[in-house]
Amino acid sequence: MIANSTSSVRLRWGVCLLMVIVLLVTQFTMPLRPALALGPLTIGGLIALSKFALDQIESIAEDAIAAAGEEVRRTLDQLKGDLQDLINTLEQTYQDNLFLTIDQLDLLTQNKLVQIQGFIENLNEKIQADIRLISEETRNVITTAGLEISRITADLEQRLTNLVVVATEGVVFVLDKTVFNIILILSLVLLGVGVLIFIWLFFTRRLPEGGLRVVVLALMGLFIVAFGALAFVPPARAAVMDATGLGLEKRLDRVTEQRPEIVGVQPRKLVIGTTRSVSLFGVGLRPEGKTITAKIGPRDVPITASSEREVALNVAGLSLADGVFDVVLLIDGAEGPRGVVEIENPPPPARPADLTITGFSISPSSPTQGRSVTATITIRNDGETTARNFDVHWRPFAQSQPLRNGVTSLAPGASRPFSFTHTYAIAGTFDSIATVDPNGSVEEIREDNNSRTIRNVVVRPAPPRRVRVTVRITRITIHDNSEPPHKGNGEVRFNINVGGRTGRFPASGTRSVANGAVLNVNQTFTVDLTEGQNLAILITGVEEDDPGFPTFDDHDNMGIVDPSFTSGANWGSGSHNVRSRNPGNFTVSFTITVQDLN
Numbered sequence: 004m005i006a007n008s009t010s011s012v013r014l015r016w017g018v019c020l021l022m023v024i025v026l027l028v029t030q031f032t033m034p035l036r037p038a039l040a041l042g043p044l045t046i047g048g049l050i051a052l053s054k055f056a057l058d059q060i061e062s063i064a065e066d067a068i069a070a071a072g073e074e075v076r077r078t079l080d081q082l083k084g085d086l087q088d089l090i091n092t093l094e095q096t097y098q099d100n101l102f103l104t105i106d107q108l109d110l111l112t113q114n115k116l117v118q119i120q121g122f123i124e125n126l127n128e129k130i131q132a133d134i135r136l137i138s139e140e141t142r143n144v145i146t147t148a149g150l151e152i153s154r155i156t157a158d159l160e161q162r163l164t165n166l167v168v169v170a171t172e173g174v175v176f177v178l179d180k181t182v183f184n185i186i187l188i189l190s191l192v193l194l195g196v197g198v199l200i201f202i203w204l205f206f207t208r209r210l211p212e213g214g215l216r217v218v219v220l221a222l223m224g225l226f227i228v229a230f231g232a233l234a235f236v237p238p239a240r241a242a243v244m245d246a247t248g249l250g251l252e253k254r255l256d257r258v259t260e261q262r263p264e265i266v267g268v269q270p271r272k273l274v275i276g277t278t279r280s281v282s283l284f285g286v287g288l289r290p291e292g293k294t295i296t297a298k299i300g301p302r303d304v305p306i307t308a309s310s311e312r313e314v315a316l317n318v319a320g321l322s323l324a325d326g327v328f329d330v331v332l333l334i335d336g337a338e339g340p341r342g343v344v345e346i347e348n349p350p351p352p353a354r355p356a357d358l359t360i361t362g363f364s365i366s367p368s369s370p371t372q373g374r375s376v377t378a379t380i381t382i383r384n385d386g387e388t389t390a391r392n393f394d395v396h397w398r399p400f401a402q403s404q405p406l407r408n409g410v411t412s413l414a415p416g417a418s419r420p421f422s423f424t425h426t427y428a429i430a431g432t433f434d435s436i437a438t439v440d441p442n443g444s445v446e447e448i449r450e451d452n453n454s455r456t457i458r459n460v461v462v463r464p465a466p467p468r469r470v471r472v473t474v475r476i477t478r479i480t481i482h483d484n485s486e487p488p489h490k491g492n493g494e495v496r497f498n499i500n501v502g503g504r505t506g507r508f509p510a511s512g513t514r515s516v517a518n519g520a521v522l523n524v525n526q527t528f529t530v531d532l533t534e535g536q537n538l539a540i541l542i543t544g545v546e547e548d549d550p551g552f553p554t555f556d557d558h559d560n561m562g563i564v565d566p567s568f569t570s571g572a573n574w575g576s577g578s579h580n581v582r583s584r585n586p587g588n589f590t591v592s593f594t595i596t597v598q599d600l601n
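Take the position in the sequence shown, starting the count at 1, then add 3; the result is the number in my numbering.
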């Protein structure tokens with residue numbers, strides 16, 4: 004009796020342990036599926052293409068986006084968000100089934116994904132161009148792509164929200180998520196209830212004995228396995244939905260052909276000697292157990308890093324002519340996926356500047372001592388680089404200090420004239436020298452063409468100076484009218500002689516004046532003089548009285564003004580006030596102007 008009881012307890016615990024093991028196995032065991040390759044246009048390829056577009060947008064410099072305009076910036080920001088939403092939606096929905104080709108999906112989903120692919124490919128092509136030189140066409144492409152991808156992504160998200168993609172060996176099922184989840188919930192409920200009932204029956208010893216007991220235990224195990232599979236193994240749930248047609252959207256054949264894809268190359272244009280690396284973006288680019296190498300055109304290029312979605316190439320030492328070449332990944336030596344790059348060789352470096360004097364003249368060619376002369380120097384840059392921050396010098400004669408003109412820049416092929424003025428103080432024969440970049444500030448192709456000399460410049464002695472002198476007598480101020488106080492005003496007149504030109508004030512008769520009177524004369528006299536001649540001015544004043552008794556001349560002398568101005572003093576050019584002498588009864592105010600005649 005005790006032995007039978009012990010055996011019964013062991014059997015119960017053995018069955019419980021078996022049930023637990025079955026639950027664990029059904030919960031954590033998934034059917035092994037071989038890693039399958041990507042078809043011509045797969046979900047994974049579209050995701051890689053979208054990620055490539057995101058990388059492109061991220062790589063655009065801030066100043067380039069600013070140059071493209073605020074509207075493009077906002078569109079690209081929105082586009083980044085929409086692309087990331089699309090990637091998340093596709094990855095979440097298709098999960099491990101990214102190898103599915105788009106043409107395997109239902110028509111609605113297929114059409115939307117094909118539209119998105121077209122917009123992204125066109126967008127990538129435009130973005131890879133220089134965004135700083137963005138055209139109106141490119142703006143329209145980016146704007147249109149942004150709006151359409153946003154719209155299609157929203158529709159696609161709504162479509163895929165209710166789908167579940169489950170793969171079994173050789174088949175992929177697209178299922179209605181609501182039905183899929185309902186079956187999951189029902190399976191869990193039934194499994195839980197069944198396990199509780201079986202455990203209660205087992206431990207309360209209500210199971211039948213003998214052969215019927217074995218049958219019941221077997222049915223209990225089948226129940227747990229069946230509903231455990233429905234609850235914890237999605238392919239089992241998918242198989243039931245496929246068999247019943249309940250919630251089945253589509254049944255897809257799996258892709259079996261191995262085919263990596265390159266969906267983008269960055270940068271697409273390679274400048275020889277400047278571009279150091281190129282990245283290939285795609286899917287399945289590093290097949291397991293395979294050796295990958297790369298070529299651009301006929302040249303092998305080393306691979307510096309690789310992953311399933313990106314391969315980095317070192318092109319620092321690449322040498323190819325200008326043109327468009329295939330970039331090919333070789334898998335175990337056989338040609339695999341390929342993309343396209345454009346090769347551009349930079350122009351050879353520009354030669355340095357070459358400053359030369361193309362013109363040098365002096366005007367007049369035979370200067371006159373003491374007179375201004377103008378030198379004109381024309382320089383040209385015959386090199387291929389802009390010359391910056393240099394001087395142009397002119398020495399009127401070899402021993403003189405140079406006259407200087409600074410130059411900020413002179414472009415290749417450009418010419419520029421410079422003018423200088425100088426007055427030769429002495430007569431003689433001199434060499435006149437023009438020099439460009441005398442300090443060697445500019446690196447040049449040649450340094451032996453930076454100077455020119457005009458030899459034997461004859462400076463003639465200055466001829467005698469000839470001038471026209473204009474004397475304008477403005478006023479005469481009376482200090483004493485030569486009359487006794489009891490007689491009142493005096494009657495005065497003045498005789499004027501300027502360099503032989505004579506005059507009288509007033510023109511006739513006399514002028515009655517009191518002491519302190521100011522007479523406005525405003526008479527002008529002009530004489531021509533030669534250097535060495537003096538300007539002589541003579542003004543005399545007389546106060547006339549009526550004859551007395553016995554008859555005698557009662558005219559009174561008011562004084563004399565007789566200054567003389569030499570050529571060395573520029574003939575007195577300027578304003579003067581001169582008081583008469585013997586006696587000093589009046590002051591004459593006058594101005595002198597001198598005009599050169601030679």
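From the three backbone atoms N, C-alpha and C, an ideal C-beta is built for every residue, glycine too.
query: Length at least 3, wholly inside the stretch 523 to 599: the beta strand (DSSP E) runs in chain order; result: 538 to 547, 559 to 564, 577 to 582 and 589 to 599
query: Within the stretch 397 to 452, ranges of the beta strand (DSSP E) (whole runs, at least 3 residues); result: 406 to 413, 418 to 426 and 431 to 439
query: When Asp325, Phe589 and Val281 are compared against Ser485, the one with the closest alpha-carbon; result: Phe589
query: Secondary structure of Arg36, DSSP reduced to three states; result: Only weak support exists for where Arg36 lies, its pLDDT of 32 falling under 50; the coordinates are left without a value.
query: Phe552, buried or exposed, once every other Cβ within 10 Å from all chains shown has been counted against 16; result: The predicted model places Phe552 with a pLDDT of 49, which falls under 50 and marks its position as unreliable; any figure quoted below should be read in that light. By the neighbour-count rule (16 or more Cβ atoms within 10 Å), Phe552 is not buried but exposed.
query: Asn601, DSSP secondary structure in three states; result: coil
query: The stretch 422 to 433 in contact with the stretch 343 to 361 per 3-pair CB rule at 8 angstroms; result: no
query: Span of the alpha helix (DSSP H) around Leu233; result: Gly214 to Phe235
query: Rounded Cβ spacing between Phe528 and Arg504 (contact assumed at less than 8 angstroms); result: 4 angstroms
query: Cut-off 6 angstroms between Cβ atoms - residues of its own chain near Glu387, not counting five sequence neighbours on either side; result: Ala353, Arg354 and Pro415
query: Close Cβ partners of Arg584 (< 7 angstroms) along its chain, the five nearest in sequence each way excluded; result: Gly562 and Ile563
query: Alpha carbon of Ala242 to alpha carbon of Ala229, nearest angstrom; result: 12 angstroms
query: Closest by C-alpha distance to Val327, when choosing among Asp394, Ala337, Gly342 and Asp335; result: Gly342
query: Sub-8 angstroms separation of His396 and Arg407 beta-carbons; result: yes
query: Residue burial classification, Gln598 (beta-carbon count within 10 angstroms, cutoff 16); result: exposed
query: Classification of Trp203 by the beta-carbon crowding that lies within 10 angstroms, buried from 16 upward; result: exposed
query: Secondary structure of Lys293, DSSP reduced to three states; result: coil
query: Proximal residues to Gly587 (C-beta, below 6 angstroms), its chain only, five neighbours per side dropped; result: Gly562
query: Straight-line gap, Lys293 to Arg240 (C-alpha atoms, nearest Å); result: 36 angstroms
query: Buried or exposed (CB count within 10 angstroms, at least 16 for buried), Gln269; result: buried
query: Closest Cα partner of Glu446 within the set Glu313, Asp385 and Val460; result: Asp385
query: Supposed close pair Val314, Leu283 - CB separation, criterion 8 angstroms; result: 4 angstroms
query: Gln381 vs Pro420 beta-carbon contact at 8 angstroms; result: The sequence as given places Thr at residue 381; Gln does not occur at that position. In this structure, Pro420 lies closer than 8 angstroms to Thr381 by Cβ.
query: For Ile119, the nearest candidate out of Val461, Leu49, Asp80 and Leu79 (CA to CA); result: Leu49
query: Local conformation of Arg496 per DSSP, three classes; result: strand
query: Residue of Asn492, Arg262 and Ala319 minimising C-alpha distance to Thr513; result: Asn492
query: Distance between Thr389 and Val344 (C-alpha atoms, nearest Å); result: 34 angstroms
query: Where Thr45 falls, given that 16 or more other Cβ within 10 Å makes a residue buried; result: buried
query: For Pro466 and Thr361, the rounded distance between their alpha carbons; result: 34 angstroms
query: Sequence-distant residues of the same chain with beta carbon closer than 8 angstroms to Arg279, five excluded per side; result: Asn317, Val318 and Ala319
query: Status (buried if at least 16 other CB within 10 Å, exposed otherwise) for Asp559; result: buried
query: Buried or exposed (CB count within 10 angstroms, at least 16 for buried), Ser53; result: buried
query: Under 8 angstroms between C-beta atoms of Val530 and Gly502; result: yes
query: Buried or exposed (CB count within 10 angstroms, at least 16 for buried), Gly267; result: buried
query: Helix, strand or coil at Ser322 according to DSSP, with G and I counted as helix; result: coil
query: Environment of Val460 [buried if 16+ CB atoms lie within 10 Å]; result: buried
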